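Participant: Following this message is one structure expressed as structure tokens.
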Amino acid sequence: MHLSKVDLNLFIVLEAIYAEGSITRASLKMNLTQPAISHALNRLRQLFDDPLFERQGHVMTPTPLTRSIIDQVRRALRGFEVTLSGAAHFDPASSERSFSLAVRDVLEASVLPGLMAGISAAAPSATLNTLQVSRRELESELAAGTLDAAIDVLLPLPNEVRRAQLAGDQTVVLVRRGHPLVKRRALTLDTYLEMEHIQTSSRRRGPGLEDVELSRQGLQRKIRLRCQHYFAACRVVSQTDLALTMPDRLARIVNQQFNNQILALPLAMPSLDVYLYWHANVDNDPANTWLRAQITAAMQAAG
1 MHLSKVDLNL FIVLEAIYAE GSITRASLKM NLTQPAISHA LNRLRQLFDD
51 PLFERQGHVM TPTPLTRSII DQVRRALRGF EVTLSGAAHF DPASSERSFS
101 LAVRDVLEAS VLPGLMAGIS AAAPSATLNT LQVSRRELES ELAAGTLDAA
151 IDVLLPLPNE VRRAQLAGDQ TVVLVRRGHP LVKRRALTLD TYLEMEHIQT
201 SSRRRGPGLE DVELSRQGLQ RKIRLRCQHY FAACRVVSQT DLALTMPDRL
251 ARIVNQQFNN QILALPLAMP SLDVYLYWHA NVDNDPANTW LRAQITAAMQ
301 AAG
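In this text, residue positions in the sequence shown follow the UniProt record's numbering: the first is 1, and each later residue adds one.
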């Protein structure tokens with residue numbers, strides 16, 4: 001079928017139902033009636049000769065065909081959006097744009113205060129949503145425009161995903177004041193290995209970067225506690241003799257109320273470099289370019 005005979009608005013409906021998982025929520029998102037959304041879905045079903053979605057309880061579950069085409073549909077829609085926005089001047093002062101940024105919770109506390117201060121000053125009506133996105137889905141989310149940008153460590157992503165280094169960070173060790181094994185501000189590797197440690201990770205298992213480096217030297221530390229968040233870990237450190245290894249930038253933020261000692265890690269570790277990611281299809285998008293500048297300035301100020 002020739003493209004001229006297809007209503008491209010139908011694909012906007014397809015993406016909305018896929019994203020919302022519901023005809024009702026898709027109708028609210030698009031400011032259309034539910035019958036209008038249902039009518040568009042029926043036309044799509046005829047076009048593809050496939051049900052596209054099947055109702056399971058209150059959720060519209062995509063069929064295998066829908067799952068196979070949704071990334072292409074999102075890329076095409078994003079291309080149209082970029083074409084339209086690129087033709088217009090982006091005015092932060094009057095924009096009501098909602099930006100989406102993928103950022104790990106480890107970096108969120110560092111970048112958000114400065115970033116929101118900059119956005120609020122220059123674009124008082126713009127909003128920002130921060131999300132934690134699976135690294136396996138980062139490329140497709142950026143390509144589809146469901147994410148405007150991402151902040152993370154160096155990742156093996158294709159050339160279509162652009163990157164720029166934002167900052168570097170060092171790894172430090174936190175212990176409570178008065179820790180019986182720490183007599184001076186300097187921490188030796190022998191003392192580090194003698195301690196019991198907290199490992200902070202959202203994963204159920206697996207070593208930290210410091211454990212990988214120790215294993216290369218035939219060494220191993222004792223993990224007494226594995227938890228999900230650095231704030232909780234810092235609090236545990238303040239009330240026990242456990243040690244916590246973490247990025248320096250975040251340590252100086254979350255440790256403020258606990259007043260634990262922050263010591264240099266007695267182990268050679270590569271710098272924890274942080275990168276900004278965006279897709280090639282928004283290289284010249286004025287709004288995305290502005291957002292990237294705001295993120296870069298916020299990270300530099302937080303340095």
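We put the beta carbon where it would ideally sit given N, CA and C, even for glycine.
Owing to the predicted nature of the structure, the values given are computational and were not obtained by experimental measurement.
Taking the continuous beta strand (DSSP E) assigned at Lys183, which residues delimit it?
Facilitator: No beta strand (DSSP E) contains Lys183, which DSSP labels as neither H nor E.
Participant: Taking Cβ positions, are Ile262 and Leu174 nearer each other than 8 Å?
Facilitator: For Ile262 and Leu174, yes; Cβs fall inside 8 Å.
Participant: For Asp91, which of helix, strand or coil comes out of DSSP?
Facilitator: Coil at Asp91, not helix or strand.
Participant: Helix, strand or coil for Pro35 per DSSP?
Facilitator: Three-state DSSP puts Pro35 in a helix.
Participant: Taking the Cβ atom as the reference point for each residue, do Leu101 and Ala149 lie within a distance shorter than 8 Å?
Facilitator: Cβ distance < 8 Å, so Leu101 and Ala149 count as in contact.
Participant: Which value, in whole angstroms, describes the spacing of the CA atoms of Gly57 and Gly168?
Facilitator: Roughly 48 Å between the two C-alpha positions.
Participant: Between which two residues does the alpha helix (DSSP H) carrying Arg252 extend?
Facilitator: Arg252 -> alpha helix (DSSP H) spans Asp248 to Val254.
Participant: Taking the Cβ atom as the reference point for each residue, do Val111 and Tyr277 lie within a distance shorter than 8 Å?
Facilitator: No; because the gap between Cβ atoms is not below 8 Å, this pair is not in contact.
Participant: In three-state terms, what does DSSP make of Phe53?
Facilitator: Three-state DSSP puts Phe53 in a strand.
Participant: Which of helix, strand or coil does DSSP assign to Phe80?
Facilitator: Three-state result, Phe80: helix.
Participant: Please check the pair Glu139 and Leu157, which I expect to be a contact at CB under 8 Å, by giving their CB distance rounded to whole angstroms.
Facilitator: About 6 Å; that satisfies the 8 Å criterion.
Participant: Just confirm the distance between the C-beta atoms of Thr200 and His229, as a whole number of angstroms; I'd bet it's less than 8 Å.
Facilitator: Right, the Cβ-Cβ distance comes to about 7 Å (below 8 Å), so this counts as a contact.
Participant: Is the segment 11-19 touching the segment 40-48, taking contact as three or more C-beta pairs under 8 Å?
Facilitator: These segments touch.
Participant: For Asp61, I'd like the list of residues in its chain whose CB is within less than 7 Å of its CB, leaving aside the five on either flank, ordered along the chain.
Facilitator: It should be pointed out that residue 61 corresponds to Thr in this sequence rather than to Asp. Only Phe53 and Glu54 meet the Cβ criterion.
Participant: Thinking C-beta only, is Val237 closer than 8 Å to Asn260?
Facilitator: Yes.
Participant: Considering only the alpha carbon of each residue, which of Gln294, Asn281, Ala302 and Ala297 lies closest to Ala143?
Facilitator: For Ala143, the nearest C-alpha among the options comes from Asn281.
Participant: Measure the alpha-carbon distance for Ala264 versus Arg177 and round it to whole angstroms.
Facilitator: Cα to Cα, Ala264 sits roughly 15 Å from Arg177.
Participant: With a 10 Å radius around its C-beta and 16 neighbouring C-beta atoms as the bar for buried, classify Ala301 as buried or exposed.
Facilitator: Label assigned to Ala301: exposed.
Participant: Looking at Asp105 and Tyr275, is the spacing between their C-beta atoms short of 8 Å?
Facilitator: No, the Cβ-Cβ distance between Tyr275 and Asp105 is not below 8 Å.
Participant: Would you please state the rounded distance, in angstroms, between the beta carbons of Ser95 and Ser125? I believe it to be under 8 Å.
Facilitator: Right, the Cβ-Cβ distance comes to about 6 Å (below 8 Å), so this counts as a contact.
Participant: Around the Cβ of Pro270, are there at least 16 other Cβ atoms within 10 angstroms (buried) or fewer (exposed)?
Facilitator: Result: exposed.
Participant: When we look at the beta-carbon of His197 and count the other beta-carbons within 10 Å, is it buried (16 or more) or exposed?
Facilitator: Buried: at least 16 other Cβ atoms inside 10 Å.
Participant: Looking only at C-alpha atoms, which of Leu267, Ala233 and Thr245 sits nearest to Gln257?
Facilitator: When only C-alpha atoms are compared, the closest one is Ala233.
Participant: For the beta strand (DSSP E) that contains Asn129, what are its first and last residues?
Facilitator: Per DSSP, Asn129 belongs to the beta strand (DSSP E) from Thr127 to Leu131.
Participant: Report the rounded CA-to-CA distance for Leu267 versus Ala298, giving the unit in angstroms.
Facilitator: Distance between the alpha carbons of Leu267 and Ala298: 30 Å.
Participant: Comparing C-alpha positions only, which one of Phe231, Gln239, Asn288 and Arg203 sits nearest to Leu250?
Facilitator: Measuring from the Cα of Leu250, the nearest candidate turns out to be Phe231.
Participant: What do you reckon, are the CB atoms on residue 306 and Leu32 nearer than 8 Å?
Facilitator: No answer is possible for residue 306: it lies beyond the span of the chain, which begins at 1 and ends at 303.
Participant: How about Glu210 and Thr171: are their beta carbons less than 8 Å apart?
Facilitator: Yes, the Cβ-Cβ distance between Glu210 and Thr171 is below 8 Å.
Participant: Less than 6 Å between C-beta atoms, sequence neighbours within five positions excluded: which residues of the same chain meet that for Gly114?
Facilitator: Only Ala298, Ala301 and Ala302 meet the Cβ criterion.
Participant: Could you give the DSSP three-state label for residue 306: helix, strand or coil?
Facilitator: Missing from the structure shown is residue 306; the chain here goes from 1 to 303 and no further.
Participant: Alpha carbon to alpha carbon, how far is Leu187 from Tyr18? Give it in angstroms, no decimals.
Facilitator: Their Cα atoms are separated by approximately 53 Å.
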